[in-house]
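Q: Quick one: the structure is below, and I'll ask about it shortly.
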Amino acid sequence: MTRGGPIPETVTLHVPFRVVKRGGRKEMQLPEGVQQSRRTDNTLVKALARAFRWKRLLESGEFATIAELSEREGIAPSYMTRVLRLTLLPPDIVEAILDGKQGLEVTLARALEPFPMAWEEQRQHFQTVTDH
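Quick note on our numbering: the sequence shown kicks off at 21 and runs consecutively.
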């Protein structure tokens, strides 16, 4: 392998970015117009998995009420109710979250806030980015 010139001992790179908190963790945010690869939000995926598991346990009759299930899981009933609402999201939003293609504004904190029941209104509320 040949080289055209001497190799400098120090190379300095300047990369503009901000560190922001997202879903309880720190994340690098690049400047406007720079493409950032999508990453799955594990806290959001975990919440979805728990929501569908809890829904299945309630629908199967294994637990009669949210209060009974929340006591067994050691979780506050109000939190469980908010997480269970995630089962009301349309399939395309759930798929986008699982694939890491949801918009940056779709965080667990935002998903646990009240949102509309109609799927089209939910899509507008979350401004979901999908590759369909």
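Every residue, glycine too, gets a C-beta built ideally from N, C-alpha and C.
Because the structure is a prediction, the values reported are computed rather than measured.
How far does the alpha helix (DSSP H) with residue 40 in it extend, from its first residue to its last?
A: Taken as a continuous stretch (DSSP letters only), residue 40 belongs to no alpha helix (DSSP H), being part of the beta strand (DSSP E) at 38-42.
Q: Per DSSP, residue 46 is paired with what?
A: 41
Q: Which two residues bound the contiguous alpha helix (DSSP H) that contains residue 91?
A: Start and end: 86-93.
Q: With DSSP collapsed to three states, give me the class of residue 151.
A: Bear in mind that a pLDDT of 40 at residue 151, under 50, signals an unreliable position, so the number given afterwards is only what the model happens to contain. Coil, per DSSP.
Q: Looking at the secondary structure, which residues open and close the alpha helix (DSSP H) in which residue 111 lies?
A: 111-119
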